[in-house]
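Before any comments, here is the structure.
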Amino acid sequence: VYCFSPVINRLCEEGRVNEAFGLFEDMMTKHGVWPNVVVCTSLIHGLCRTGRWREARNFLGSMIRWGISPDVFTFTIVLAALCKEGRVREALDVLEQMSNWGIKPHVITYTSLIYGFCRLGEFGKAIALLDKMKSDAVPPDVITFNVLLDALCKVGRVKEALAMYRLMMQRSTRPDTFTYNILIYGLCHSGQWEEAMRLLDEMLHLKIFPDTITLSGILDAFSEQGMMEKARKLFEEMTRRGPKPDIISYNTLIKGYCLLGEMDKAEEVFEEMASKGDLPDIISYNTLAIGYIKADRIYVAFKLVEDAT
RNA sequence: CAGUGUUGUCAUC
């Protein structure tokens, strides 16, 4: 099983679930190896990820019939997949099923549910769960907080996110790069630049360093607000000192120029990526093409679409 | 280190 398991898991991760099941069958019939909860859970994960919920349910039933008991991983995986789809109602059913098996949810289980509630904009329920964690002696961790911070920022409740961040610090939960990426993104996009820079200092102080995502978030805020001189400056700084811009950073810069109708500059960046290692992707083409359409240069857009294919 | 949760770009919604 220990040999088959990683391979089956890899196939599931790549979405090659049918092949994974093929190997699973071979494992049992040709090699006489009896499955365990880990292999079965990997397969269930694969099914959930590809939206094959019915089969996931059935397979869960099968494994139980084979005398293989699902564990906290099994339930959490199904629950998290449902939450990601916004199907929190069904996720709660899984939670109940889980407790029928006498399995206690752990931090990842709760965090997934909180993510689900946030996705639906049900912040009250998300916070209630956070409180329940504390009373259940399942302490929220940095990811739990990151989920809440991100959801609050994304609906424009940045002030509450900052309050939550302070709460998290009070509980001595150490923030990570994600935490700051989320908050700085939220602050910059709501025009609170000074506060954003304050947080940037704070993260450096804790020896948590900005990465490409941090700076691309800022770059995007500059781009959306038409502050292209600053965007360009930041981009050049990234090129010189790092963290290095990646394809998304390029696309972000292109977007900024397109929004201002500065198509020459946008084109320049586009050309530049081709000469560096980052080849334009479908999003680069899309962004530029739509920019041209908005600038009433539809012919150029057609040409681009042609190039892209 | 055999399996689970969070962050940046276009369009769609």
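In the working numbering, the protein residues as written are 3 to 311.
Quick reminder that beta carbons are idealized off the backbone N, C-alpha and C, glycines included.
Review point. First and last residue of the alpha helix (DSSP H) that includes methionine 30?
Key: 19-31
Review point. Going by the CB atoms, is the gap between phenylalanine 119 and lysine 127 shorter than 7 angstroms?
Key: yes
**Study point:** Straight-line gap, lysine 232 to methionine 240 (C-alpha atoms, nearest Å)
**Key:** 12 angstroms
Practice item. Grab me the residues of lysine 156's own chain with a C-beta within less than 8 angstroms of its C-beta, minus the 5 sequence neighbours each way, in chain order. Key: Gly188
Exercise for review: Find out if the Cβ-Cβ distance for the pair alanine 83, cysteine 42 is shorter than 7 angstroms.
Suggested key: no
Practice item. Specify the secondary structure class of lysine 238 as computed by DSSP and reduced to three states. Key: Just to set this straight, residue 238 is glutamate in the shown sequence, not lysine. Three-state result, glutamate 238: helix.
Practice item. Evaluate contact between the stretch 7-17 and the stretch 31-47, counting only Cβ atoms and requiring at least three cross-stretch pairs below 8 angstroms. Key: yes
**Study point:** Contact check, asparagine 183 vs isoleucine 215, beta carbons under 7 angstroms
**Key:** yes
Review point. Would the beta-carbon of threonine 111 fall within 7 angstroms of that of isoleucine 145?
Key: no
Exercise for review: Report back the beta-carbon spacing between serine 291 and leucine 306 to the nearest angstrom; my notes put them in contact at under 8 angstroms.
Suggested key: A quick correction: the sequence has alanine, not serine, at residue 291. The pair is a contact, with the Cβ atoms about 5 angstroms apart (cut-off 8 angstroms).
**Study point:** Backbone CA spacing between phenylalanine 77 and glutamate 57 [nearest angstrom]
**Key:** 15 angstroms
Review point. Taking the alpha helix (DSSP H) that asparagine 183 falls in, what are its first and last residues?
Key: 179-191
Review point. Apart from the five residues on each side of it in sequence, which residues of its chain come closer than 7 angstroms, Cβ to Cβ, to glutamate 162?
Key: Leu154
Check your understanding: Grouping DSSP H, G and I as helix and E and B as strand, with all else coil, what is glycine 258?
Key -> helix
**Study point:** Rounded C-alpha distance that separates valine 109 from glycine 263
**Key:** 47 angstroms
Review point. Can you check whether the CB of serine 7 is closer than 7 angstroms to the CB of valine 40?
Key: yes
**Study point:** Whole-number beta carbon distance between proline 177 and proline 212, since they are thought to touch under 8 angstroms
**Key:** Their Cβ separation, rounded to whole angstroms, is 13 angstroms, which puts proline 212 and proline 177 out of contact at 8 angstroms.
**Study point:** Beta-carbon proximity list for glutamate 98, same chain, < 7 angstroms, skipping 5 on both sides
**Key:** none
Review point. So, are the CB atoms of leucine 221 and leucine 236 less than 7 angstroms apart?
Key: yes
Review point. Count the other CB atoms within 10 Å of the CB of lysine 32; is the residue buried (16 or more) or exposed (fewer)?
Key: exposed
**Study point:** Continuous alpha helix (DSSP H) stretch holding serine 1: start and end
**Key:** This structure leaves residue 1 out entirely; the chain is present only between 3 and 311.
Point to revise | DSSP-derived helix/strand/coil call for histidine 108 | key: coil
Check your understanding: If you count every other CB in all the chains shown that lies within 10 Å of the CB of proline 247, and 16 or more means buried, which is it?
Key -> buried
Practice item. Taking glutamate 274 as the reference, give the member of Leu185, Ser251, Lys296 with the closest Cα. Key: Ser251
**Study point:** Counted within 10 angstroms of its Cβ, other Cβ atoms place alanine 93 as buried (16 or more) or exposed
**Key:** buried
Check your understanding: Nearest to tryptophan 55 by CA position, among Cys85, Glu269, Trp68, Arg299, is which residue?
Key -> Cys85
Practice item. Go ahead and pull the three-state DSSP assignment for lysine 305. Key: helix
Check your understanding: Run through DSSP, which three-state label would glutamine 227 get?
Key -> coil
Check your understanding: Can you give the beta carbon distance from leucine 1 to threonine 181, rounded, assuming they're within the 8 angstroms contact cut?
Key -> With the chain covering only 3 through 311, there is no way to say anything about residue 1.
Check your understanding: Between the Cα of isoleucine 116 and the Cα atoms of Trp103, Ile70, Ala130, which residue gives the shortest distance?
Key -> Ala130
**Study point:** Coarse secondary structure for glutamate 87, derived from DSSP in three states
**Key:** coil
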